[in-house]
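Going by our numbering, the sequence shown opens with residue 74, and the numbers climb by one from there. Following: one structure in structure tokens, then a few remarks.
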Amino acid sequence: MNSKKNYFLKNNTESIFMNQYLTTIKSSLKLALISFSAHKLRTFLAILGVTIGISSIIIVFSAGEGIKGIVLNQVESFGSDTIQIEIKVPSSKKGVASEQQSAAALFQGAQVTTLKLEDMEDAKKVPNIIDGYSVFMSQETVSYGNEVHSTNIWATDSSFIDIDSTQLEYGRFFTNAENNSLSTVAILGSNIKEKLFGENDPLGKTIKIHNIRFKVIGIMEERGSLMGFNFDDFIYTPIKTMHKKVLGISFLHNIILQVEDTNVIDDTIEEVRIVLRENHDITAPEENIEGWMDTGKDDFRVMAMTEILEIFNTMSAVLTLLLLVIVAISLVVGGISVMNVMFVIVNERTSEIGLRKAMGAKYKDIILQFLVESILITFAGGIVGSILGSFISYIISVVANSYGIDWNFILPIRAFLVAGLFSLVFGILFGTTPARKAAKMNPVEALMHED
């Protein structure tokens, strides 16, 4: 009997406490709205700082998703079932230092001429490799009539069109026979086609590359840009023609290999490395103290396309984090403006605070009243900022697409979750000090305060 009575009393007490709590919040909301309507400009300025910060969060996340989508589409266009071999400056240093030195040397114009067509042919003999193509890129002057432009040449094999997801808009790609016979044929990217021919049909026309005549046999579909390269400005030619008839060289920049089974792609990559080391007279690496293989002496780098995507995702995450730190700083500035406004509100309502305390309002009641006002300001800023950020993100996607960039308009849920969390945390963080100042006031002194 006593246990039932105690249970009833406990539930009744909790119910009374909850009702009082909800009544206090409701009263605080009403007072906050009255205060905001009486001081519209001040409230607007306080909300503005939070709005800018929250909209920046939405834009950062949306832009990150847009860029990620572009890169994902481009990487997938090379094929998720492919392996890339690229040139690398060899180094005596180990691990990451070697990668950094290689990137710096290539950026400064260092030439690595050890990757050959023979490497591709030998790599294609590795089990699980079913096809492949080589790539040599060169910037050349191309002309047709009075139109003269500097553009990139993508010299490759006939297998390129089968492995890569790039499609022809019309015309045809060159054949293996044309590559072997050093035929001077070319396929134009959509942009360079417009620059040279405008609206005219270029098929069958003759252009000059490096002062050598090439017959146009096809036009590529629009592809867009990746890592600073606009593929729509590329001209695609047989690699043997460029090597032997145009430039008189024999080295490559990249080799793309297609695998049959992606489940064993790591083993396939290691076998390709072994073949290339034999071709380039490079001693097989030994395991270092940390358990990693020292590949610093390699003059090539072998990577799965999925690995390239993982690297980009890591870089994207780091960049997003850095941008969010910058955004957080702007939010702190907005939070300080909210805190200053709350101090002004506390000062203006000192007499009211004194009256409430004299009538029995507790410390927590006063704290709650001003925290509700502070959170209401940051919450309003969060809502307006989310709407503004979404609108600006949409405008960015529209402008990007108008310039031929395949930018998807994406608003990830986590962006709004982060925005909401920031709004709540900053409302509490920057409203606590003014609220505590109000709650600690002496009721007698507060009542004697002159507004």
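We put the beta carbon where it would ideally sit given N, CA and C, even for glycine. Just so you know, these numbers come straight off a predicted model, no measurement behind them.
If you draw a straight line from the C-alpha of residue i to the C-alpha of residue j, how long is it?
i, j, result
"Phe247", "Asn146", "25 Å"
"Ala612", "Met514", "Lying outside 74 to 524, the shown extent of the chain, residue 612 is not represented and no answer is given."
"Asp237", "Lys113", "59 Å"
"Asp204", "Gln331", "5 Å"
"Trp365", "Ile399", "Only weak support is given to the placement of Trp365: the predicted model assigns it a pLDDT of 44, under 50, and the question is left unresolved by the model."
"Met415", "Val517", "22 Å"
"Gly458", "Leu394", "19 Å"
"Leu444", "Ile120", "15 Å"
"Lys317", "Leu255", "8 Å"
"Ala492", "Val133", "11 Å"
"Thr187", "Glu295", "33 Å"
"Ser263", "Leu494", "46 Å"
"Ser26", "Ile127", "The displayed coordinates of the chain run from 74 to 524. Any statement about residue 26 would go beyond what the structure contains."
"Ile440", "Ala511", "7 Å"
"Gly462", "Ile456", "10 Å"
"Arg429", "Ser110", "21 Å"
"Ile501", "Val405", "12 Å"
"Phe499", "Gly297", "41 Å"
"Ser135", "Met412", "29 Å"
"Gly407", "Ile381", "39 Å"
"Val419", "Phe503", "13 Å"
"Phe287", "Gln240", "21 Å"
"Phe269", "Glu242", "Note that residue 269 is Leu in the sequence shown, not Phe. Going from the Cα of Leu269 to the Cα of Glu242 covers about 17 Å."
"Ser424", "Ala431", "10 Å"
"Ile338", "Gly218", "48 Å"
"Asn273", "Ser232", "29 Å"
"Ala357", "Ile347", "8 Å"
"Leu349", "Asn336", "22 Å"
Between which residues of its own chain and residue i is the CB-CB distance below 7 Å, once the five residues before and five after are set aside?
i, result
"Glu251", "Val258 and Pro311"
"Asn303", "Asn264"
"Ser216", "Ile280 and Lys281"
"Glu333", "Asn201 and Ile203"
"Gly182", "A caution first: Gly182 carries a pLDDT of 45, below 50, which makes its placement in the model unreliable, though a value can still be read off. Here the set comprises nothing."
"Ser223", "Gln212 and Thr214"
"Ser403", "Ile125, Gly126 and Ser129"
Run through DSSP, which three-state label would residue i get?
i, result
"Met378", "helix"
"Met412", "helix"
"Thr214", "strand"
"Arg115", "helix"
"Gly271", "coil"
"Ala259", "strand"
"Thr387", "helix"
"Lys197", "coil"
"Ser424", "helix"
"Pro507", "helix"
"Thr341", "helix"
"Asn481", "coil"
"Met521", "coil"
"Asn515", "coil"
"Ile355", "coil"
"Tyr467", "helix"
"Lys141", "helix"
"Gly454", "helix"
"Asp237", "coil"
"Met543", "One cannot answer for residue 543 here, as it falls past the ends of the chain, which runs 74 to 524."
"Asp438", "helix"
To which residues of the same chain is residue i closer than 6 Å at the C-beta, ignoring the five residues directly before and after it?
i, result
"Val144", "Phe385"
"Ala228", "Phe209, Thr310, Ile312 and Met315"
"Arg374", "Glu159 and Lys161"
"Ser211", "Ile226"
"Ser410", "Ala119 and Gly122"
"Thr124", "Gly454, Val457 and Gly458"
"Val345", "Ala196, Val199 and Val375"
Might you give, ordered along the chain, the residues of its own chain that have their beta carbon closer than 8 Å to the beta carbon of residue i, omitting 5 neighbours on each side?
i, result
"Val417", "Arg115"
"Asn253", "Lys313"
Going by DSSP, which residues form a beta bridge with residue i?
i, result
"Asp204", "Gln331"
"Lys189", "Phe324"
"Trp227", "Met210 and Tyr309"
"Lys288", "Val258 and Thr279"
"Tyr243", "Ile292"
"Ile156", "Leu330 and Ala377"
"Glu220", "Tyr217"
Regarding residue i and the ligand NAD, is the C-beta to nearest heavy atom distance less than 7 Å?
i, result
"Ala250", "Annotation note on the ligand NAD: not contained in the displayed structure, which lists no ligands."
Are the C-beta atoms of residue i and some chain B residue less than 8 Å apart?
i, result
"Met388", "Structure shown: chain B not included; a single protein chain is present."
When you compare the stretch 460–480 with the stretch 495–509, are there three or more beta-carbon pairs, one atom per stretch, that lie closer than 8 Å? no
Is it a yes or a no for the stretch 376–396 touching the stretch 125–144, going by three-plus beta-carbon pairs under 8 Å? yes
At least three beta-carbon pairs within less than 8 Å, the stretch 440–451 to the stretch 459–474: no
Taking one C-beta from the stretch 184–193 and one from the stretch 314–328 each time, how about it: are there three or more such pairs within less than 8 Å? yes
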